[in-house]
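2 is the number of the first residue of the sequence shown in my numbering; add one for each residue after it.
We put the CB at the ideal spot given by N, CA and C, even for glycine.
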Amino acid sequence: MFDLLLMCGYCAFALPLAIAALRGWAPRRMRRRTAPWVIRVRGVALLVFWASAMVAPLARQLGADSEDSAFLTFSAQFGLMMFAAGLMCGARVGVLPATGA
2 MFDLLLMCGY CAFALPLAIA ALRGWAPRRM RRRTAPWVIR VRGVALLVFW ASAMVAPLAR
62 QLGADSEDSA FLTFSAQFGL MMFAAGLMCG ARVGVLPATG A
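Here it is as structure tokens:
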């Protein structure tokens, strides 16, 4: 039951934000500070975070509850999260400097 709620929650909240960022939508304040490609890279990173959140619940729903599958799902989640974190850090380079007054 918890896995189903977790998957529904991520699909209801994280997935629409990721798709919107991937398409280039962002709040006006964010669009002024960042380049358009940064918003899209962050959207890709959010999709990768969403995919990493789906690995373990899907594995449990498919019946992969052994110790070996737990190790593989953990390493897959960790790898995807590190890839997404690298994308987020790389996108941080594209943020325009603030104009101080």
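Taking all protein chains shown into account, V42 has 16 or more neighbouring C-beta atoms within 10 Å of its C-beta and is therefore buried. Per DSSP, reduced to three states, the secondary structure at G87 is helical. The three-state secondary structure of W51, taken from DSSP, is helix.
A46 places its beta carbon less than 8 angstroms from that of A92.
The beta carbon of W51 lies closer than 7 angstroms to those of Y11, A15, L16 and A19 in the same chain, with the five residues before and after it left out. For the options V49, G80, S76 and A54, the alpha carbon positioned closest to that of L7 is the one of A54. A85 and R32 have their C-alpha atoms some 21 angstroms from each other. Here D4 carries a helix assignment [DSSP, helix/strand/coil]. The C-alpha of W26 is placed about 29 angstroms away from the C-alpha of L59.
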